[in-house]
Amino acid sequence: MTIEEALQSGAAALPTREGIPDPRREASWLLAAAWGVDEITLRLHPEREVPAEVEERYRGWLERRAAGEPAHHLIGSCPFWGREFLVNAEVLVPRPETELLVQTALELPLSETARVLDVGTGSGCIAVSLAAERPRWRVCAIDRSPAALQVARRNIERHGVEVELFLGNLASAVAPPWDLVVANLPYIPSSDLERLPKEVRHDPPAALDGGAEGLDLVRVLLTDLPRLLRVCGGAILEIGEDQVDAVATVAAGAGLAVARRVRDTGGCERVVVLQPVRRCQEKQS
């Protein structure tokens, strides 16, 4: 089978749906990954024969991909903030919008030795990215899933950064104070889960289901932030569409205020920056 024949059969084997808008493009990406070559090689040499072992792997991936398994689960990694992160079915596949959280954190005027906590770290992509960009920060990460922490540990080792891991529910296993708390907690309402694309539904349910309004865990963390944050510290949360006002209300009840709202490419207010206003004002006065 030549490269061109493999791509044609691959495109025919994949259904066109929300998660696979371009079957030919998807087939090209899978074949290149199965072969360990760049996609440009496929385009430049369509007549080249595909090795038998590559063809076998490729066909297996096509079958699993057509059934809805995420492409990044097939190859075992996903790009995030310019780095490749190991992923599997135990962790949420990093999304591009989560890079907004990392970008926002790096823009804050924190000290060179700030203590930063990533709550619900999953694959560790946020914590590792921050530790790589700010090597002098003391970055810690916590997750309630031992399996997820195994993945995070492998990513820490893969990228050669220093991140201390904790097992626990939200921030229950760590002691304050923290200069910055970051979190991408589950924020999808339970009633919306069945309407998600097949690919997304392969992520761990505990990493997606945010309860009736999508904010069950977010509310708990918000009420704990006054305990966690240093005076004039801050928190950055990724949230769902149309949730920012509800988050602001809960935050206000905990003595916090929304200092900044960051929109994603679709115009959704996806990231919020929170600060304990009263304590910060008292210190500044």
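The numbering of the sequence shown is the working numbering, which starts it at 84 and goes up by one.
Note that CB positions come from ideal geometry on N, CA and C, so glycine has one too.
Can you find the residues in the same chain that come closer than 6 angstroms, C-beta to C-beta, to residue 368, ignoring five residues on each side of it along the sequence?
As a position in the sequence shown, residue 368 is number 285, starting the count at 1. Here residue 368 scores only 46 on pLDDT, less than 50, and its place in the model should not be relied on; the value that follows carries that caveat. Taken in chain order, the list of residues that qualify is empty.
Assign residue 99 to buried or exposed, taking buried as 16 or more other Cβ atoms, counted over all protein chains shown, within 10 Å of its Cβ.
Looking up residue 99 in the sequence shown gives position 16. With fewer than 16 Cβ atoms within 10 Å of its Cβ, residue 99 is classed as exposed.
Verify whether the separation of the beta carbon atoms of residue 256 and residue 239 is less than 9 angstroms.
As a first step, residue 256 must be located in the sequence shown, where it is residue number 173. As a first step, residue 239 must be located in the sequence shown, where it is residue number 156. Their beta carbons are not under 9 angstroms apart, which means residue 256 does not touch residue 239 by this criterion.
Taking the Cβ atom as the reference point for each residue, do residue 360 and residue 344 lie within a distance shorter than 9 angstroms?
Counted from its first residue, the sequence shown places residue 360 at position 277. Counted from its first residue, the sequence shown places residue 344 at position 261. No, these two residues do not count as a Cβ contact at 9 angstroms.
Are the region 308-328 and the region 283-292 touching, with three or more C-beta to C-beta distances below 8 angstroms?
No, the region 308-328 does not touch the region 283-292.
Going by DSSP, what residue range makes up the alpha helix (DSSP H) through residue 133?
Position 50 of the sequence shown, counting from 1, holds the residue named residue 133. Looking at the DSSP string, residue 133 is not in any alpha helix (DSSP H), and its letter there is neither H nor E.
Which term fits residue 262, buried or exposed, when burial requires 16 or more other beta carbons within 10 angstroms of its beta carbon?
Numbered from 1 along the sequence shown, position 179 holds the residue referred to as residue 262. It is buried - the Cβ of residue 262 has at least 16 other Cβ atoms within 10 Å.
Can you tell me where the beta strand (DSSP E) holding residue 261 begins and where it ends?
Locating residue 261 in the sequence shown gives position 178, counting from the first residue. Element bounds for residue 261: 261-266.
Per DSSP, residue 162 is paired with what?
For the purposes of this step, residue 162 is taken as residue 79 along the sequence shown, with counting starting at 1. Per DSSP, 167.
Give every residue of the same chain whose Cβ lies closer than 8 angstroms to the Cβ of residue 236, excluding the five residues on either side of it in the sequence, and list them in chain order.
Indexing the sequence shown from 1 puts residue 236 at position 153. Cβ neighbours of residue 236 beyond the five flanking positions: 207, 248.
Give me the residue from 170, 198, 142 with the minimum Cα distance to residue 260.
Start at 1 with the first residue of the sequence shown, and residue 260 comes out as number 177. Per the Cα distances, 198.
What residue range does the alpha helix (DSSP H) around residue 216 cover?
As a working mapping, residue 216 is identified with position 133 in the sequence shown. Start and end: 208-216.
Only counting the same chain, and skipping five residues up and downstream in sequence, which positions put a Cβ closer than 7 angstroms to that of residue 106?
Sequence index remark: in the sequence shown, residue 106 carries index 23 (1-based). For residue 106, where only same-chain residues beyond five positions count, the Cβ hits under 7 angstroms are 94, 97, 99.
If residue 243 and residue 226 are in contact, beta carbons under 8 angstroms, what's the gap, nearest whole angstrom?
Locating residue 243 in the sequence shown gives position 160, where the first residue counts as 1. Locating residue 226 in the sequence shown gives position 143, where the first residue counts as 1. In fact, because the Cβ distance is near 21 angstroms, the residues do not count as touching under 8 angstroms.
Specify the secondary structure class of residue 326 as computed by DSSP and reduced to three states.
As a first step, residue 326 must be located in the sequence shown, where it is residue number 243. Of the three classes helix, strand and coil, the one that applies to residue 326 here is coil, per DSSP.
Given that a residue counts as buried once 16 or more other Cβ atoms are within 10 Å of its Cβ, and exposed if not, what is residue 324?
If you number the sequence shown from 1, residue 324 lands on position 241. By the 10 Å Cβ count, residue 324 comes out exposed.
Short check: CB of residue 293 to CB of residue 280, under 9 angstroms?
Taking the first residue of the sequence shown as position 1, residue 293 is located at position 210. Taking the first residue of the sequence shown as position 1, residue 280 is located at position 197. Going by C-beta atoms, residue 293 is not nearer than 9 angstroms to residue 280.
Given a cut-off of 9 angstroms on the beta-carbon distance, is the pair residue 341 and residue 329 in contact?
Along the sequence shown, one-based indexing puts residue 341 at 258. Along the sequence shown, one-based indexing puts residue 329 at 246. Going by C-beta atoms, residue 341 is not nearer than 9 angstroms to residue 329.
Would you decide whether residue 278 is buried or exposed? Buried here means 16 or more other CB atoms lie within 10 Å of its CB.
The residue you call residue 278 lines up with position 195 of the sequence shown. Its Cβ having fewer than 16 others within 10 Å, residue 278 is exposed.
Compare the beta carbon distance of residue 196 and residue 221 with 9 angstroms and say whether it is the shorter of the two.
Here residue 196 is taken as the residue at index 113 of the sequence shown, counted from 1. Here residue 221 is taken as the residue at index 138 of the sequence shown, counted from 1. Contact flag set, yes.
Where residue 300 and residue 253 are concerned, what is the direct C-alpha to C-alpha distance, given to the nearest angstrom?
As a working note, residue 300 is residue 217 in the sequence shown. As a working note, residue 253 is residue 170 in the sequence shown. So the alpha carbons of these two residues sit roughly 8 angstroms apart.
Considering Cα atoms alone, identify which of 335, 86, 295 is closest to residue 274.
In the sequence shown, counting from the first residue as 1, residue 274 sits at position 191. Residue 274 has its Cα closest to that of 295, out of 335, 86, 295.
For residue 358, which residues from the same chain have a beta carbon less than 7 angstroms from its beta carbon, with the 5 sequence-adjacent residues on both sides left out?
Numbered from its first residue, the sequence shown carries residue 358 at position 275. Result list for residue 358: 317, 339, 340, 342, in chain order.
Let me check understanding here. Comparing Cα to Cα, which of 179, 313, 270 lies closest to residue 162?
Walking along the sequence shown from the start, residue 162 turns up at place 79. Nearest option by C-alpha distance: 179.
Going along the chain, which residues of its own chain have a beta-carbon closer than 7 angstroms to the beta-carbon of residue 372, five neighbours each way excluded?
Absent from the structure is residue 372, since the part of the chain shown begins at 84 and ends at 368.
How close, in whole Å, do the beta carbons of residue 173 and residue 228 come, if the pair is a contact with beta carbons under 8 angstroms?
Position 90 of the sequence shown holds residue 173. Position 145 of the sequence shown holds residue 228. Contact flag correct, Cβ pair sits at about 7 angstroms.
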